[in-house]
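In our numbering, the protein residues as written are 2 to 610.
Backbone N, C-alpha and C define an ideal beta-carbon position, used for all residues, glycine too.
Okay, so here's the structure we're looking at.
The structure is reproduced here in structure tokens:
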């Protein structure tokens, strides 16, 4: 290389850095809303509902006919009360109850601030942006109106009307059964619902009325806590050379199948009575809905059952409705819930454990009949983790034999019977490459910062969702995930000649591997400082060193794992890095300060990139 070429390269580098800095100042000053709206329009399909087939297999292409077909189907999946009353014992003392909810201007104002401003107008025609703009003037009159509605136990008729948006789930797009009904309701009703649902959850948590196995729609719980709870038990059992049999239960149209009469009985047993119970009854009874396809709205139909998907109170009511399923199971079988996703499992040491799992399945079948929650047996399955040869006994649910499967998708994470996530990583990497390619094709601009911002917003989350559960330890999987960002950055204008570490420094990014380690450490911080609602003693034990010689004062005990399946589990792989965090660099005083300082710690020592 000649001296002239070296000077030219240095000049090009300085010019690139200057342009990058100036473009960054311009973009940061722009309206990010316009940027994200543009990308959303390019990344999503707005064609709406395609052609559907009716019960006679005729093709329906007219929007009005499609709206009526979907609306009638959504209304038909409900269930009438079978007339069998359920006798429930009161779960709280007689002097404990929740009869009403108070509405203060402060509470109403706090709820209005959390409303999304860009949602469409409800059946009453009031958009959410209007409520947010005039929130200061509305808080007091709204609090008085809500107080009046609660004292009467009634709501306006327009609040019991919903405009359904059909959302495609999976399967054949022409089948109306593959669409989920999401209701658009009055924004004022949603404000009142949020206050009520928050009060109900606080009441239930205060008196321990929600099962510890439920992880859905609860604060400090998520799909990650659900998955880690199960994997903690399974990896512990497999490391001791035991076998785990797990059954995955899928309910059919769970939210739409909730029987109102049985729900009210359930609420009464929890001490939810008085004006509040009357309000909930009025809220759910005599509801009507219509479905919108394009600019066309269907005829209105009456709803006979179910809690409203898209409302604020519906998920809370469903959690309370399904809560009792964990209580019918034998002690030897563990249950984990995420709203209507149910999995039960047991460690198989003898034939007795196999019988106990079948007994649990029988009890779930009986529970589903009693509470009118039909099970979609075709979607249920059994997976054996560990020595699958040890399980030869077939399992039955609702009189049907359950299929055995070696690969299962649990709350969005795919894993095999060896608790490995190769299939999951292959899937997300394929999706990420496709989306990264689409981003490069969407933009006329070749601005590296703008393209990188789109990558971080629309591609990187695909590669990081629930990463503490599946974070890989094998180099070939680490390289496969990293290849998405490596390929994208190399194709940015002016970066093809730079190596990967230099590109990351120039773009002010870090490797995906380092980000996964940081996510592990942040979650470990939440575990140590009780910021997640799980029993941390099941995962690890804190050391009680009087005078720590190295690292921080919040060390966890390291356990010797004999098998890789446990050695690569979240707490085991993170403990060593966590214990070595220097207190002189990392700030443990709060979660925000920890996140801010963790990137400056010596995390790079544990990464390949």
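Just the Cα atoms here: how many angstroms apart are residue 139 and residue 314? Position 138 of the chain shown, counted from the start, is the residue given in the question as residue 139. Position 313 of the chain shown, counted from the start, is the residue given in the question as residue 314. Roughly 22 Å between the two C-alpha positions.
May I have the straight-line CA-CA distance separating residue 544 from residue 570, to the nearest angstrom? By 1-based counting over the chain shown, the position of residue 544 is 543. By 1-based counting over the chain shown, the position of residue 570 is 569. Residue 544 and residue 570: Cα-Cα distance of roughly 19 Å.
Apart from the five residues on each side of it in sequence, which residues of its chain come closer than 8 Å, Cβ to Cβ, to residue 205? The residue you call residue 205 lines up with position 204 of the chain shown. Excluding positions up to five away in sequence, the list reads 211, 271 and 321.
Using 10 angstroms around the beta-carbon of residue 445, count the other beta-carbons present and answer buried if the total reaches 16, otherwise exposed. As a position in the chain shown, residue 445 is number 444, starting the count at 1. When all chains shown are included, residue 445 counts as exposed.
In this structure, what does DSSP give as the bridge partners for residue 416? As a first step, residue 416 must be located in the chain shown, where it is residue number 415. BP columns for residue 416 point to 409.
Could you tell me whether the Cβ atoms of residue 50 and residue 167 are closer together than 7 Å? Locating residue 50 in the chain shown gives position 49, counting from the first residue. Locating residue 167 in the chain shown gives position 166, counting from the first residue. Taking 7 Å as the Cβ cut-off, residue 50 and residue 167 qualify as a contacting pair.
Given a cut-off of 7 Å, decide if residue 208 and residue 102 are closer than it, judged by their beta-carbon atoms. Taking the first residue of the chain shown as 1, we reach residue 102 at position 101. Taking the first residue of the chain shown as 1, we reach residue 208 at position 207. With respect to residue 208, residue 102 sits apart: the two C-beta atoms are not nearer than 7 Å.
Give the secondary structure of residue 76 by DSSP, where H, G and I count as helix, E and B as strand, and everything else as coil. Position 75 of the chain shown, counting from 1, holds the residue named residue 76. Of the three classes helix, strand and coil, the one that applies to residue 76 here is helix, per DSSP.
Residues near residue 513 by beta carbon distance below 7 Å, same chain, minus five either side: By one-based count along the chain shown, residue 513 stands at place 512. If you ignore the 5 residues before and after residue 513, its C-beta comes within less than 7 Å of the C-beta of 464, 482, 483 and 486, all in its own chain and listed in chain order.
According to DSSP, what are the bridge partners of residue 385? If you number the chain shown from 1, residue 385 lands on position 384. The partner list for residue 385 (beta bridge, DSSP) reads 246.
Return the chain-ordered list of same chain residues with a C-beta closer than 8 Å to the C-beta of residue 365, the five sequence neighbours on each side being excluded. Here residue 365 refers to the residue found at position 364 when the chain shown is read from its first residue. Excluding sequence neighbours, residue 365 sits near 250, 326, 329, 330, 343, 345, 376 and 398.
Please report the straight-line C-alpha distance between residue 289 and residue 233, rounded to a whole angstrom. As a working note, residue 289 is residue 288 in the chain shown. As a working note, residue 233 is residue 232 in the chain shown. Roughly 45 Å separates the two Cα atoms.
Would you report the Cα separation of residue 593 and residue 60, rounded to the nearest angstrom? Counting from one through the chain shown, the residue named residue 593 turns up at place 592. Counting from one through the chain shown, the residue named residue 60 turns up at place 59. Approximately 55 Å, taken between the alpha carbons.
Just confirm the distance between the C-beta atoms of residue 79 and residue 306, as a whole number of angstroms; I'd bet it's less than 8 Å. By 1-based counting over the chain shown, the position of residue 79 is 78. By 1-based counting over the chain shown, the position of residue 306 is 305. Correct: roughly 4 Å between the Cβ atoms.
Residue 56: which of 65, 64 and 77 sits nearest, CA to CA? Translated into positions along the chain shown, residue 56 becomes position 55. The residue with the shortest Cα to Cα distance from residue 56 is 77.
From the DSSP output, which residues share a beta bridge with residue 348? Here residue 348 is taken as the residue at index 347 of the chain shown, counted from 1. BP columns for residue 348 point to 245.
Under the DSSP definition of a beta bridge, which residues are partnered with residue 338? Residue mapping note: residue 338 aligns to position 337 of the chain shown, counting from 1. Within the DSSP bridge table, the entry for residue 338 names 215 and 343 as partners.
Cutoff 6 Å; reference residue 472; Cβ partners in own chain excluding five residues on either side: Residue mapping note: residue 472 aligns to position 471 of the chain shown, counting from 1. Around residue 472: 517.
Give a yes or no on whether the C-beta atoms belonging to residue 347 and residue 369 are separated by under 7 Å. On the chain shown, residue 347 is found 346 positions in, with the first residue counted as 1. On the chain shown, residue 369 is found 368 positions in, with the first residue counted as 1. Their beta carbons are not under 7 Å apart, which means residue 347 does not touch residue 369 by this criterion.
If I measure Cβ to Cβ from residue 215 and keep anything under 7 Å in the same chain, skipping five residues before and after, which residues do I get? On the chain shown, residue 215 is found 214 positions in, with the first residue counted as 1. So the list reads 320, 324 and 338, once near-sequence residues are dropped.
Pull up the distance between the alpha-carbon of residue 245 and that of residue 520, whole angstroms please. Counting from one through the chain shown, the residue named residue 245 turns up at place 244. Counting from one through the chain shown, the residue named residue 520 turns up at place 519. Taking the straight line joining both Cα atoms gives about 28 Å.
In whole angstroms, what is the alpha-carbon distance linking residue 236 and residue 317? One-based indexing of the chain shown puts residue 236 at position 235. One-based indexing of the chain shown puts residue 317 at position 316. The alpha-carbon atoms of residue 236 and residue 317 are separated by roughly 32 Å.
Buried or exposed: where does residue 145 fall if 16 or more other Cβ atoms within 10 Å of its Cβ makes it buried? Position 144 of the chain shown, counted from the start, is the residue given in the question as residue 145. Label assigned to residue 145: exposed.
From the beta carbon of residue 496, is the nearest beta carbon of chain B less than 7 Å away? Absent from the structure is chain B; it holds one protein chain and no more.
Through-space distance from residue 62 to residue 356, alpha-carbon basis: As a working note, residue 356 is residue 355 in the chain shown. As a working note, residue 62 is residue 61 in the chain shown. Each residue's alpha carbon lies about 51 Å from the other.
Under the DSSP definition of a beta bridge, which residues are partnered with residue 297? Within the chain shown, residue 297 is the residue found at index 296, counting from 1. The beta-bridge partner set that DSSP reports for residue 297 consists of 294.
Locate the alpha helix (DSSP H) running through residue 231, then write down its first and last residues. What you label residue 231 is simply residue 230 of the chain shown in a count that begins at 1. Residues 224-240.
Around the C-beta of residue 576, are 16 or more other C-beta atoms found within 10 angstroms, so that it is buried, or is it exposed? In the chain shown, the residue the question calls residue 576 occupies position 575. Buried.
Do the segment 447-461 and the segment 409-423 touch if we need at least three Cβ pairs shorter than 8 Å? no
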